[in-house]
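Residue numbers (our numbering): 4 to 238.
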């Protein structure tokens, strides 16, 4: 009898947890020169946890940070899939985090929850300082890519501190040794660990992962879910 009672209670708890999670939604924003497919593994993991997920695909190489933020994020917020969300979170990779900072600088959804950024160039990247003016760089990365330098006038460094609940996950493993030669200190092949940080963030975690695969890293996915649920990483 007690076993049946326990099983019924557990089932009830699972149903309640599922309903609670369903009221929480997550917008995923991929990085520069990537597509929504790069965030597919993250999306599947979040959906398995009961979150409503909108995995946004956007033309990251076709416009400036400002133009992308003002077009992509409002369109995502207006998606019918999110209309019943009581809390709305963001999970981003690389450039996606800068788009969120750009948008949230002036606009805040009333149901804004937490934000997790994976490998964000929150203080820019020395790689852009060195080769941002090259024709090949512009062809691959477009207008937004050229805005991600480390100078005081770069877009990330003009946005100021964040005023939302943010967790940042940085990688310290590189498979691009040429880029890493341009970056002082530990880096993920695109951004230094130090430059992923931003004033006002709540938590910062370093994983032994590379920039291109950070959003697919199993530990990064688990930590992302933990931060969305509890506002902290596990260590």
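Using N, Cα and C, we set each Cβ at its ideal position, and we do this for glycine too.
Of the listed residues 236, 232, 237, 238, nearest to residue 52 (C-alpha basis):
Walking along the chain shown from the start, residue 52 turns up at place 49. Residue 232 is the option with its Cα nearest to residue 52.
Do three or more CB pairs link the stretch 175 to 192 to the stretch 146 to 165 at distances below 8 Å?
No contact exists between the stretch 175 to 192 and the stretch 146 to 165.
Using the C-alpha atoms, what's the distance from residue 223 back to residue 19?
In the chain shown, the residue the question calls residue 19 occupies position 16. In the chain shown, the residue the question calls residue 223 occupies position 220. Confidence in residue 19 is poor, its pLDDT being 46 and thus under 50, which makes the residue's placement unreliable; the coordinate value appears in the next sentence. Rounded to whole angstroms, residue 19 to residue 223 spans 26 Å at the Cα level.
Excluding five sequence neighbours on each side, which residues of the same chain lie with their C-beta closer than 7 Å to the C-beta of residue 16?
If you number the chain shown from 1, residue 16 lands on position 13. The predicted model places residue 16 with a pLDDT of 48, which falls under 50 and marks its position as unreliable, so this point remains unresolved.
Cβ shell of residue 95 (< 6 Å), same chain only, five flanking positions each side left out
Locating residue 95 in the chain shown gives position 92, where the first residue counts as 1. Cβ within range, chain order: 32, 103, 120.
Helix or strand or just coil, what does DSSP make of residue 89?
On the chain shown, residue 89 is found 86 positions in, with the first residue counted as 1. Of the three classes helix, strand and coil, the one that applies to residue 89 here is coil, per DSSP.
Spatial neighbours of residue 194 within its chain, please: C-beta separation below 7 Å, excluding the five flanking residues on both sides.
Locating residue 194 in the chain shown gives position 191, where the first residue counts as 1. The residues are 122, 124, 128, 214.
Would you identify the three-state DSSP class for residue 49, choosing helix, strand or coil?
For the purposes of this step, residue 49 is identified with residue 46 of the chain shown, where counting begins at 1. Taken through DSSP and simplified to helix, strand or coil, residue 49 comes out as helix.
Euclidean distance between Cα positions of residue 105 and residue 69
On the chain shown, position 102 is the one that residue 105 refers to. On the chain shown, position 66 is the one that residue 69 refers to. Near 7 Å, if we compare the C-alpha coordinates of residue 69 and residue 105.
CA-to-CA distance, residue 155 to residue 41, given in whole angstroms:
Taking the chain shown and counting its residues from 1, one reaches residue 41 at position 38. Taking the chain shown and counting its residues from 1, one reaches residue 155 at position 152. Residue 41 and residue 155: Cα-Cα distance of roughly 30 Å.
Hey, could you find the ends of the alpha helix (DSSP H) residue 134 is sitting in?
By 1-based counting over the chain shown, the position of residue 134 is 131. In the DSSP annotation of this structure, the continuous segment of the alpha helix (DSSP H) that includes residue 134 starts and ends at 129 to 134.
Am I right that residue 168 and residue 118 are in contact with their C-beta atoms under 8 Å? What's the rounded C-beta distance?
The residue you call residue 168 lines up with position 165 of the chain shown. The residue you call residue 118 lines up with position 115 of the chain shown. Indeed, because the Cβ distance is near 7 Å, the residues count as touching under 8 Å.
Considering only residues of the same chain and omitting the five flanking positions on each side of residue 241, which have a CB-CB separation below 6 Å?
Residue coverage of the chain in this structure runs from 4 to 238, which leaves residue 241 outside it and unanswerable.
With a threshold of 7 Å on Cβ separation, who are the neighbours of residue 236 within its own chain once the five nearest residues in sequence on each side are excluded?
As a first step, residue 236 must be located in the chain shown, where it is residue number 233. Here the set comprises 170, 206, 208, 226, 229, 230.
Taking its Cβ as the centre, do 16 or more other Cβ atoms sit within 10 Å of residue 92, making it buried, or is it exposed?
The residue given as residue 92 occupies position 89 in the chain shown. Buried, since its Cβ has 16 or more Cβ neighbours within 10 Å.
Give the secondary structure of residue 211 by DSSP, where H, G and I count as helix, E and B as strand, and everything else as coil.
Looking up residue 211 in the chain shown gives position 208. Coil at residue 211, not helix or strand.
For residue 79, which residues in the same chain have their Cβ closer than 7 Å to its Cβ, ignoring the five residues on either side in sequence?
Reading the chain shown from its first residue, position 76 is the one you call residue 79. Cβ within range, chain order: 30, 57, 59.
From what residue to what residue does the beta strand (DSSP E) around residue 125 run?
Your numbering for residue 125 matches position 122 in the chain shown. Boundaries for residue 125: no beta strand (DSSP E) harbours it, and the DSSP string shows neither H nor E there.
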